[in-house]
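Asks: One structure coming up, written as structure tokens, with questions to follow.
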Amino acid sequence: MNFMNNIIEDIKSRFNPENTEIVKKNQIAIDFKNEEVHSALAYLKSQGWKQLTILTCVDWIKENKFQLVYILMNWDNSITIQVRTKIDRDNPKFRTVINIYPGAEMYERDVHEFFGVEFEGNPNHEKELFLELWDDLPPMRKDFDPLAYSKKKFDVREYKVDFIPKEGEAE
Amino acid sequence: MKRQVKLFLGPNHPGMHGNFSVHLYVDGDIVEKARPLPGMLHRGFEKLMERRLWMNNLALIPRICVPEPDINEMVYAMGVETLAKVDVPERAHWIRMIILELARIANHLMSLGGIGGPTGLYTGPNWAIADRDLILDIFEEITGARVYHMYIVPGGVRKDLPKGIEKKIENFLDYLEKRLPEYDDLILKNPMVQARTVDNIVLPEEVCWELGVTGIGLRSSSGKPYDIRKVDPYARYDEVEFEVPTATYSDAYTRLTIKYKEIQQSIRIIRQVLDKMPKEGPVRARISRGSALRWRVPKGQVFSHIECARGEYGYYIVSDGSNMPYRIAVRGASYPQGLLGIEKYLPGTRIDDVAIWLDTMGVCAPEIDR
């Protein structure tokens, strides 16, 4: 725990995180302001967090915010860091991190497709990856209703039973 | 004369691992451009999970990965236990390790034998699937199901081991240990497999870091034991002895050899677990008063990760304090090697090497697609 506190102190001395938290053994979560994320990621990468494990997004619809979560793993001291930031939900744009973590390219396309967040600077972020010919709200947003979508999209089929029970058989 | 042809590999192809497709632009038999095309089996697991109770999700998540479904249950249970601050009984930790290691062997067998598909050695898959079936028999006896077990639940495991199963597991391990040299002869020493895999599709270490490749890909290129079971131990992996096989040159053959060695290590782990585990005691903590279906998990965001046969597997779990997850993101272990890996490292290889990459890197379609 002491070691993790040192990491948090180090981050606090260089950046102005909004919030820091020790989530569990070997895991830290840090909330940054939008403009600090890139420099924080670059700094953490130079400190041994060489792997971007996942980039994902959480839709906080009541706050009208998207939260981007970058999870970094350091294999040498086994500490995972969640780098989190909140962006505006109405105009979701964020600068890409592929210059820091090239592997983020696909995750950014993923988040773009499922949440509609635009990653400026990622040349492929608008290319379809999973959902071909999708024509509705990005499906992982909280205001997307899968039931209404499938009702709109697919007809209700009538099921015709052509089985005629014989004598003694259950209907 | 140069002529580029577009070729569709999958979703229905004997060398394809699941419902996945790769568009290949080839000249002769050399791949010039490869474009992965997931989205063939989109069932929307993450969205479905947001609309189900914490406990109901257990029936859904094993379906994310067919060859090794138990990792999903484990990683979900670990995350939920962290958020809800549940203490898992001692015996449950050890039972979980048996299940996870058996599943790991099953997956490695499938993939080691599976190399026979792309190389034309059809005895390989036949043997491996038959031996995997013996593991499924054990699973059936423990959990009541062969493939999707829903056995590891938040708070422990669903029920205790049936009587006499330890003996059966030991018998199986004895059998498998005798059988492994035969796999060595059949697959690893086979000149046909060697001709197709040695010095083929080499993965340098920098590429692993760049893409985020974990598991056998990372271990076989960096030479370091980067395994979550060692680096950030869960269950009781810190109380058993095992080695993590590594290498410093990652061609397809090395990766196959490492899979073979990992089966041996898993056997070693299960033997120690059977020896060391407490012989009785509770296997499931009480998580809520009243019904588990009305159970609410406290607010929080946690990333839980474990080592699966293909690398680091993780769930990012967000709870807003209600009876359903607010958001769950799945980090499939084969995501980096299955998407960017294909796009960046298949050009320049031959058409028939594509299936070898998919097998030795362990690309599992539903993990990418979800």
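Top line first, the protein sequences correspond to chains A and B. Taking UniProt numbering as reference, the numbering of the first sequence is continuous, increasing by one, and the terminal residue is 171. Taking UniProt numbering as reference, the numbering of the second sequence is continuous, increasing by one, and the terminal residue is 370. Glycine is no exception: its CB is placed at the ideal position from the N, C-alpha and C atoms.
1) Under 8 Å, do residue 117 of chain A and residue 144 of chain A count as touching if we go by C-beta distance?
2) From which residue to which residue does the alpha helix (DSSP H) around residue 60 of chain A run?
3) Opposite residue 79 of chain A in the DSSP bridges: which residues?
4) Report the CB separation of residue 334 of chain B from residue 363 of chain B in whole angstroms; it is logged as a contact under 8 Å.
5) Given that residue 105 of chain A touches chain B, what residues does it touch there, using C-beta distances under 7 Å?
6) For a contact meaning CB atoms closer than 7 Å, what does residue 29 of chain A contact in chain B?
7) For residue 312 of chain B and chain A, any beta-carbon pair shorter than 8 Å?
8) Relative to chain C, which residues along the segment 208-224 of chain B have a C-beta separation below 9 Å, given in chain order?
9) Is residue 358 of chain B helix, strand or coil by DSSP?
10) Which same chain residues, not among the five before or five after residue 359 of chain B, have their C-beta less than 7 Å away from its C-beta?
11) Give the DSSP bridge partners of residue 174 of chain A, in chain order.
12) Which partner residues does residue 44 of chain A have in the DSSP bridge list?
13) Could you say if the segment 288-300 of chain B and the segment 44-55 of chain B meet the contact criterion of at least three C-beta pairs nearer than 8 Å?
14) Can you list the residues of chain B that residue 52 of chain A reaches, using a CB-CB cut of under 8 Å?
15) If contact means a Cβ-Cβ distance below 7 Å, which residues of the segment 67-98 of chain B contact chain A?
16) Could you check whether the Cβ of residue 64 of chain A sits closer than 7 Å to any heavy atom belonging to the ligand ADP?
17) Does residue 20 of chain A have its Cβ less than 8 Å from a Cβ in chain B?
18) Of all the residues that make up the segment 23-50 of chain B, which are near chain A by a beta-carbon distance shorter than 9 Å?
19) Could you give the DSSP three-state label for residue 336 of chain B: helix, strand or coil?
20) Could you tell me whether the Cβ of residue 94 of chain A comes closer than 8 Å to any Cβ of chain B?
21) Hey, residue 342 of chain B and residue 34 of chain B: beta-carbon distance below 8 Å or not?
22) Within 10 Å of its beta-carbon, does residue 123 of chain B have 16 or more other beta-carbons around it, so buried, or fewer, so exposed?
23) Taking a contact to mean a Cβ-Cβ separation below 8 Å, would you say residue 196 of chain B touches residue 152 of chain B in this structure?
24) Using 8 Å for Cβ pairs, my map puts residue 193 of chain A next to residue 60 of chain A. What's the rounded Cβ distance?
25) Taking only the alpha-carbon atoms, compute the straight-line gap between residue 4 of chain A and residue 28 of chain A and give it to the nearest angstrom.
26) Could you tell me whether the Cβ of residue 100 of chain A comes closer than 8 Å to any Cβ of chain B?
27) Less than 8 Å separating the beta-carbons of residue 154 of chain B and residue 317 of chain B?
28) Taking the Cβ atom as the reference point for each residue, do residue 79 of chain B and residue 322 of chain B lie within a distance shorter than 8 Å?
29) Answer yes if the segment 14-22 of chain A comes into contact with the segment 30-39 of chain A, meaning at least three C-beta pairs across the two stretches below 8 Å, and no otherwise.
30) Between which two residues does the beta strand (DSSP E) holding residue 307 of chain B run?
31) Does the distance from the CB of residue 2 of chain A to the CB of residue 48 of chain A come in under 8 Å?
32) Would you please verify whether the beta carbon of residue 329 of chain B is less than 8 Å from any beta carbon of chain A?
33) Have a look at residue 168 of chain A and residue 158 of chain A and give me their C-alpha separation to the nearest angstrom.
34) Is it buried or exposed, residue 148 of chain A, if we count other Cβ atoms within 10 angstroms and call 16 or more buried?
35) Mapping DSSP to helix, strand and coil, what is residue 250 of chain B?
36) Return the chain-ordered list of same chain residues with a C-beta closer than 8 Å to the C-beta of residue 192 of chain B, the five sequence neighbours on each side being excluded.
Replies: Inspection of the coordinates gives the following:
1) no
2) Element bounds for residue 60 of chain A: not the alpha helix (DSSP H) but the beta strand (DSSP E), 51-60.
3) A:74
4) Residue 334 of chain B to residue 363 of chain B, Cβ: 5 Å. Contact.
5) 340
6) 301
7) yes
8) Annotation note: the requested chain C is absent from the structure, which comprises protein chains A and B.
9) helix
10) 17, 111, 114, 115 and 118
11) Residue 174 of chain A lies beyond the stretch modelled for chain A, which goes from 1 to 171, so this question has no answer here.
12) Answer by DSSP bridge pairing: none, since residue 44 of chain A is not bridged.
13) yes
14) 212
15) 82
16) In the structure shown, the ligand ADP is absent, as is every other ligand, since no ligand is present at all.
17) no
18) 36, 37, 38, 39, 42, 44, 46, 47, 48 and 50
19) helix
20) No, no contact with chain B.
21) Their beta carbons are under 8 Å apart, which means residue 342 of chain B touches residue 34 of chain B by this criterion.
22) exposed
23) no
24) With chain A running from 1 to 171 in the structure shown, residue 193 of chain A is simply not present.
25) 7 Å
26) no
27) Taking 8 Å as the cut-off, the Cβ atoms of residue 154 of chain B and residue 317 of chain B do not count as close.
28) no
29) yes
30) 300-308
31) no
32) yes
33) 27 Å
34) exposed
35) coil
36) 119, 120 and 121
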